[in-house]
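A.B. asks:
Numbering (this note's numbering), first residue to last: 71 to 242.
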């Protein structure tokens, strides 16, 4: 009689699949929710002046998003692009600040003004909300926000999602 030692039988193969499925179903592996987030477009204009105290003249716009990106898990790379306009004409951003947390510490990024305002990083950011504050040349009536997060594994992008949101503000 021949020996079957070392040979994988059909039932053993099925058992390993069943074992793997049962481990997943029991919750032994929890998802990290990396690069998943919610977007909160609630404006908090009053808070902007404490973040951007630059003296101004004229009628600038102050836009604050205290929880623009609310991560569900760690963010391994993100790109944010903000365009502002008034009556379909671009509005220049004079100053922009993005606040977030990295390695458990608050981090401030002073972004280049202009239109659009762009923030991009491939650094891992903590679960704390990403807050964005803008001071524009004049108060816009429309804000377009594009957010792109990419889950990166060993320098290879395996998933990418993009959300584009338009906000139309009521006239003053």
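Positions of the beta carbon are idealized from the N, C-alpha and C atoms, including for glycine. Remember, predicted model here, so these are calculated numbers, not experimental data.
1) On a CA-only basis, which of 156, 204, 171 is nearest residue 119? Give me that one, please.
2) Taking contact to mean at least 3 C-beta pairs separated by less than 8 Å, is the stretch 108 to 115 in contact with the stretch 144 to 162?
3) Using only the alpha-carbon positions, how far apart do residue 149 and residue 219 sit?
4) Can you look up residue 145 in the DSSP assignment and give me helix, strand or coil?
5) How big is the Cα-Cα spacing for residue 194 and residue 160?
6) By DSSP, does residue 166 sit in helix, in strand, or in coil?
7) Tell me whether residue 121 sits in a helix, a strand or coil according to DSSP, three-state version.
8) Using CA coordinates, which residue listed in 181, 185, 191 is at the minimum distance from residue 121?
9) Could you name the residues of the same chain whose beta carbon sits closer than 7 Å to that of residue 207, not counting the 5 residues immediately before and after it, in chain order?
10) Tell me which residues share the same chain as residue 199 and place their Cβ nearer than 6 Å to its Cβ, disregarding the 5 neighbours each side in the sequence.
11) Flag this pair as yes or no: are the beta carbons of residue 145 and residue 104 separated by less than 9 Å?
12) Pick out whichever of 143, 133, 170, 169 has its Cα sitting closest to the Cα of residue 212.
13) Looking only at C-alpha atoms, which of 143, 151, 183 sits nearest to residue 172?
14) Helix, strand or coil for residue 87? Go by DSSP, reduced to three states.
15) Could you pull the DSSP bridge partners for residue 188 from this structure?
16) By how many angstroms is the C-alpha of residue 190 removed from the C-alpha of residue 126?
C.D. replies: Let me spell this out:
1) 204
2) no
3) Here the alpha carbons of residue 219 and residue 149 stand approximately 6 Å from one another.
4) strand
5) Answer to the nearest angstrom: the Cα atoms are 32 Å apart.
6) strand
7) helix
8) Comparing Cα-Cα distances from residue 121 to each of 181, 185, 191, the minimum goes to 181.
9) Excluding positions up to five away in sequence, the list reads 130, 161, 162, 164.
10) 137, 140
11) yes
12) The candidate whose alpha carbon is nearest that of residue 212 is 133.
13) 143
14) helix
15) The partner list for residue 188 (beta bridge, DSSP) reads 151.
16) 28 Å
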